[in-house]
Amino acid sequence: MNFTREDVKQAISDGLLSFPVTDFDAEGRFDAESYSRRLEWFISHEISAVFVAGGTGEFFNLSQDEFREIVRLAVKVVDGKLPVIASAGLSVATGSAFARIAEEEGADGILLMPPYLTECPQDGLVEYARQICDSISISVIYYNRGNGVMKPASVQRLADACPNLIGLKDGKGDMQALNRIIKTVGDRLAYVGGVPTAEIMAEAYLAVGVNTYSSAVFNFVPDMAVTFYKALRAGDSDTVRRISREFFLPFVDLRDNKAGYAVSLIKAGTEIIGRPSGSVRAPLEMPSAEERARLESLVEVAKGF
24 MNFTREDVKQ AISDGLLSFP VTDFDAEGRF DAESYSRRLE WFISHEISAV FVAGGTGEFF
84 NLSQDEFREI VRLAVKVVDG KLPVIASAGL SVATGSAFAR IAEEEGADGI LLMPPYLTEC
144 PQDGLVEYAR QICDSISISV IYYNRGNGVM KPASVQRLAD ACPNLIGLKD GKGDMQALNR
204 IIKTVGDRLA YVGGVPTAEI MAEAYLAVGV NTYSSAVFNF VPDMAVTFYK ALRAGDSDTV
264 RRISREFFLP FVDLRDNKAG YAVSLIKAGT EIIGRPSGSV RAPLEMPSAE ERARLESLVE
324 VAKGF
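Residues in the sequence shown are numbered from 24 upward in steps of one, following this note's numbering.
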């Protein structure tokens, strides 16, 4: 760990956040050499934190041994330049185990994913998150998504109980609900936009005081991703509107062709730009030839920004 809780909170409060894919070789095994090169390329751009083995990085498809290697490698490559945030979740026992691995390998924090599968009462969600927070001393960002969505009072209870909870990532896209959480909990936490292809809701996030978001497309169009973020923060609505209309809206249409394409298209994009990361693991599927061709066209569009 190189960064304090306050350091991590500040880093995720402002600036573009990157979520690299996880590199697999032709046999589907973790490719450490390719991943190292990817991380080096990532941190050469204007970003404020690196989230490894997250949703875009197929956390749900990684073994604990692979996860440990990924975090160890990320900490080594990033070398204290930016906070390194890993992931944890699934159950209290598994989430705590992943969280402890992240801490042992030098990560600065974890992104706490929702529990696996089952519907959850609010009290149970708070207890799930509290136990995992208590299993480590590094920073925790709670991912408010899927079956793990907390209401404002629950977020407040968790923040009161866990000093190392420093942020909340929104994965629902309900601006009214998010605004209620922000108004209830205030600046005790940092807030991050985290719906798939978050740029499509970036203006709405900014309107409720959320200054940053996770950018998956940064994996294959980083220059455009940075240009979009800078335009957003500068109030350059013309540029934001143009990039949204010409790139993000068509990309979201393509993404919605099949479940899981929020990850699969990103991996296809890395190959298109000459930085291949291998295929996704089941149950995800890679895009068809026709879909890849449409993505190639969008990559060309992105070069114009």
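Cβ atoms here follow ideal geometry from the backbone N, Cα and C, with glycine treated the same way.
| Query | Result |
| --- | --- |
| Pair within 7 Å by beta-carbon distance, Ala-122 and Val-107 | no |
| Cross-strand partners of Asn-280 (DSSP beta bridge) | Per DSSP, none; premise fails for Asn-280. |
| Assigned secondary structure, Ser-119 (DSSP; H/G/I helix, E/B strand, else coil) | helix |
| Under 7 Å between C-beta atoms of Ala-109 and Ile-70 | no |
| Residues of its chain near Glu-314, where Cβ-Cβ distance is below 7 Å and the 5 sequence neighbours each way are ignored | Leu-277 and Asn-280 |
| Between the CA atoms of Leu-288 and Glu-308 - distance to the nearest angstrom | 9 Å |
| Touching by the beta-carbon criterion (3+ pairs, under 8 Å), the region 295-303 and the region 55-71 | yes |
| Contact under 7 Å by Cβ, Val-73 with Ser-41 | yes |
| Selection from Lys-174, Cys-156, Val-215 and Tyr-165 that minimises the alpha carbon distance to Ala-184 | Cys-156 |
| Beta-carbon proximity list for Val-163, same chain, < 6 Å, skipping 5 on both sides | Ile-133, Leu-135, Cys-156, Asn-187 and Leu-188 |
| Three-pair Cβ contact test at 8 Å for the region 224-235 versus the region 187-201 | yes |
| Buried versus exposed, by CB contacts within 10 Å (16 or more), Leu-272 | exposed |
| Beta-carbon proximity of Gly-190 to Ala-213, cut-off 7 Å | yes |
| Rounded distance between the beta-carbons of Asn-234 and Ser-36, thought under 8 Å | 6 Å |
| Whole-angstrom C-beta distance between Val-215 and Ser-238, which should lie under 8 Å | Going by Cβ atoms, the distance from Ser-238 to Val-215 rounds to 11 Å, so no, they are not a contact pair. |
| Backbone secondary structure at Met-136 - three-state DSSP | strand |
| Status (buried if at least 16 other CB within 10 Å, exposed otherwise) for Lys-99 | exposed |
| For Asp-131, the first and last residue of its enclosing alpha helix (DSSP H) | Careful: Asp-131 lies outside any alpha helix (DSSP H) and carries neither H nor E. |
| Given Ser-177 as reference, the closest of Cys-143, Phe-241, Asp-261 and Ala-254 once Cα atoms are compared | Cys-143 |
| Local conformation of Ala-76 per DSSP, three classes | coil |
| Among Ser-320, Ala-312, Ala-305 and Ala-285, nearest to Ile-296 - alpha-carbon criterion | Ser-320 |
| Residues bridged to Phe-53 [DSSP beta-bridge criterion] | Phe-47 |
| C-beta atoms of Ala-285 and Pro-219 nearer than 7 Å | yes |
| Candidates Glu-226, Gln-179 and Ala-225: closest to Ile-204 by CA position | Gln-179 |
| Minimum C-alpha distance to Pro-137 - residue among Leu-85, Thr-27 and Val-115 | Val-115 |
| Per-residue DSSP class, three states only, for Ser-110 | strand |
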